[in-house]
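full-length UniProt numbering puts the first residue of the sequence shown at 1, with every later residue one more than the last. All remarks here apply to the structure that follows.
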Amino acid sequence: MPDYLARITVQDVPDDDTRAGMADALGAVDDIADEAALPGAPLPGPVTFTVPGEAPDLETATGVAQRHAAELLDGFEFELDVTER
């Protein structure tokens with residue numbers, strides 16, 4: 001099965017504890033603050049989480065990532081981009 005990376009950008013992450021909880025729940029391998037923000041800028045603000053996964057094709061990977069994020073990020077606005085690794 002091919003490997004995929006889901007990049008999930010969550011808007012308005014309120015604090016570092018929430019950010020850490022989101023990263024853990026999503027199974028993220030890393031998270032970065034919005035590049036448009038100044039380095040060291042405090043939250044709240046957007047954060048992009050990178051979540052690896054496997055699926056038979058890009059369509060399946062996108063669907064699974066969308067459902068996973070929606071279940072765990074209930075109440076938060078997010079954008080999703082899935083690419084083959």
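The beta-carbon is built from N, C-alpha and C at its ideal position, and this holds for glycine as well. The structure displayed is predicted, hence computed values, not measured ones.
Where the alpha helix (DSSP H) containing Gly21 begins and where it ends: 16-26
Coarse secondary structure for Arg7, derived from DSSP in three states: strand
Reduced DSSP category for Glu54 - H, G, I as helix; E, B as strand; rest coil: strand
Val51 Cβ short of 7 angstroms to the ligand GDP heavy atom set: Absent from the structure shown: the ligand GDP. Ligands present: none.
Outcome for Leu58 when other beta-carbon atoms lying within 10 angstroms are tallied against a minimum of 16: exposed
8 angstroms Cβ shell around residue 98 - same chain, five flanking residues per side excluded: Lying outside 1 to 85, the shown extent of the chain, residue 98 is not represented and no answer is given.
Spatial distance of Asp31 from Pro56 (CA atoms): 25 angstroms
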